[in-house]
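Visitor: One structure is given below, represented as structure tokens, and several questions about it will come after.
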Amino acid sequence: MESQRVAYGETLLEIGEDEKIVVLDADLSSSTHTIMFGNKYKERFFNMGIQEQNEVGVAAGLARSGKIVFASSFAVFIVGRAYDIIRQSIAYTNLNVKIVATHAGLTVGEDGATHQMLEDIGIMSGLPNFRVIAPADAPETRKVIKKIAYMDGPFYVRLSREKVPTLLNDYEFELGKGILFKDGHDLTIISTGITLSIAVDAANDLKAKGIDAAVIHMPTLKPIDSELVSKYAKNTGKVITVEEHSIYNGLGSRVAEIIAEHGTAKLKRIGVMDQFGESGPGWALLEKYGISKENIIKKSMEIIR
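Counting from -2, one number per residue, gives the positions in the sequence shown under the working numbering.
As structure tokens, then:
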């Protein structure tokens, strides 16, 4: 089990030798782990205080001056509070700002519903010019940060608070490409972010029941790998999506659009069902809200029947 947040901080530290890289935070650098960069590169680290809108505006100005800018906070704050500034100052102007949000989804845990951002994938995917990424684990987080640092234009990267299983040491991240983690012919489970481990566990249990499930990890929500989705929707005819996000305007919605446009398949979406979360341990909340191995197996049996 490793922390995506720690991996993010360590990677910023690693690439920080490049003097073009600047990092901003909004009084949460110890939680986002951008403090690692700040401790070593003090002259290129800016703690903006509890003012996310100003953070985003300053990030845009630094990007306009030629800097590679990473701006971080909790997902609910940097997306929720600063959306208008992100839209007008970064998306519209297509600036080189990488918004890396931690503490997304239900696994924010005990901080409760007010801090559990469940709609950010939909919000950020709707912005022209933004690319949206949800890594599965710490190794993929490292690969994502290194890759996007030198890809021009705006990105949104979604990270978890919790430590998560390590699964992708041997896989390379490629923007806009899904990863076929396990092949199968009876149905296809497509996950994004930290739900990959849950999908893999479910597929292993389904195998024992005689059901051969393919597992696809979809790190890039925008642009999504429509070719891979279409291929497996056609091959298996049955698709289940799993995400730590609202079922509206997230992975499930993207996959539904692809299936509707490019072929036919039965689809069931697993995610947060149009509701807010609550306070509790992160992994326990995933279980309670149906983002679980057991619910994937239940939906798989339903879709097979």
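Backbone N, C-alpha and C define an ideal beta-carbon position, used for all residues, glycine too. These numbers were taken from a predicted model, which means no experiment stands behind them.
Can the beta-carbon of Lys179 be found less than 8 angstroms from the beta-carbon of Thr217?
Guide: No. Outside cutoff.
Visitor: Mind checking whether Ile191 and Val161 have CB atoms under 8 angstroms apart?
Guide: Yes, the pair counts as a contact, with Cβ atoms nearer than the cut-off.
Visitor: For Ala101, tell me which candidate among Asp183, Asp81, Val76 and Ala199 has the shortest Cα-Cα distance.
Guide: With distances taken between Cα atoms, Ala101 lies closest to Val76.
Visitor: On the three-state DSSP scale, how would you describe Lys263?
Guide: Strand.
Visitor: Please report the distance separating the alpha-carbon of Val49 from that of Val236.
Guide: Checking the sequence, you will find Glu at residue 49 rather than Val. Computed Cα separation, rounded: 38 angstroms.
Visitor: To which residues does DSSP link Lys290 through a beta bridge?
Guide: DSSP, once it has assigned bridges, lists no residue as partnering Lys290.
Visitor: Going straight from the alpha carbon of Ile256 to that of Arg2, what length do you get?
Guide: Straight-line Cα distance between these residues: approximately 34 angstroms.
Visitor: Please report how far the alpha carbon of Thr31 lies from the alpha carbon of Gly207, in whole angstroms.
Guide: The alpha-carbon atoms of Thr31 and Gly207 are separated by roughly 46 angstroms.
Visitor: Could you give the distance in angstroms between the alpha-carbon of Asp15 and the alpha-carbon of Ser0?
Guide: For Asp15 and Ser0, the distance between alpha carbons rounds to 24 angstroms.
Visitor: Could you tell me which uninterrupted alpha helix (DSSP H) segments, each at least 4 residues in length, are contained entirely in the region 4 to 61, listed from first to last along the chain?
Guide: The region 4 to 61 contains these whole alpha helix (DSSP H) runs: 26 to 29, 32 to 37 and 49 to 61.
Visitor: Answer with buried or exposed for Asn201, where buried requires no fewer than 16 other C-beta atoms within 10 angstroms of its C-beta.
Guide: Counting Cβ neighbours within 10 Å, Asn201 comes out exposed, since fewer than 16 surround it.
Visitor: Could you give the distance in angstroms between the alpha-carbon of Gly58 and the alpha-carbon of Leu25?
Guide: Their backbone Cα atoms lie some 21 angstroms apart in a straight line.
Visitor: Could you check the C-alpha separation between Ser62 and Arg128 for me, to the nearest Å?
Guide: Distance between the alpha carbons of Ser62 and Arg128: 21 angstroms.
Visitor: Residues in the same chain with beta-carbon distance under 8 angstroms from Met(-2), minus the five sequence neighbours each way, listed in chain order, please.
Guide: Lys160, Val161, Pro162 and Thr163, listed in sequence order.
Visitor: Note down, one range per segment and in chain order, each beta strand (DSSP E) of at least 3 residues found wholly within the region 81 to 163.
Guide: Complete beta strand (DSSP E) runs here, min 3: 94 to 99, 128 to 130 and 152 to 155.
Visitor: What three-state label does DSSP hand Glu171 in the structure shown?
Guide: Glu171: coil per DSSP, three-state reduction.
Visitor: Across which residues does DSSP place Leu184 in a beta bridge pair?
Guide: Partner(s): Ala210.
Visitor: Assuming Lys143 and Ile12 form a contact by the criterion Cβ under 8 angstroms, report the distance between their Cβ atoms to the nearest whole angstrom.
Guide: That pair is a contact at about 6 angstroms.
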